[in-house]
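Novice:
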Amino acid sequence: MADQGTTNSIDILLAIIPPLLGVFLKIGYHLEFWICLVLTFLAIYLELSLRLCHHQVKTTSLFSS
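The numbering of the sequence shown is my numbering, which starts it at 1 and goes up by one.
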């Protein structure tokens, strides 16, 4: 069996690389997993929305002739 330090290292890697997988392996399909899933999708949506707004502002000229 792995010692406590190895287990903590694996938990940290699972939390950084794929957060949903880390939450699932730690607690399963409980409320915390669904909260993490919703927050992940909101973060992705927010990032894509900000990128789209930035692209629109960057390509649209306010002083076009």
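Think of the CB as a built atom: it goes at the ideal place given N, C-alpha and C, for glycine as much as any other residue.
Would you mind sorting V38 into buried or exposed? The rule is 16 or more other CB atoms within 10 Å of its CB.
Specialist: Looking at its Cβ environment, which holds fewer than 16 other Cβ atoms inside 10 Å, V38 is exposed.
Novice: Using the beta-carbon count (16 or more within 10 Å), is V57 buried or exposed?
Specialist: Looking at its Cβ environment, which holds fewer than 16 other Cβ atoms inside 10 Å, V57 is exposed.
Novice: Would you report the Cα separation of I12 and T59, rounded to the nearest angstrom?
Specialist: Using only the alpha carbons, I get a separation of about 41 Å.
Novice: What's the C-alpha gap between N8 and L42?
Specialist: When rounded, the distance between both Cα atoms is 28 Å.
Novice: Find out if the Cβ-Cβ distance for the pair L20, C36 is shorter than 8 Å.
Specialist: Taking 8 Å as the Cβ cut-off, L20 and C36 qualify as a contacting pair.
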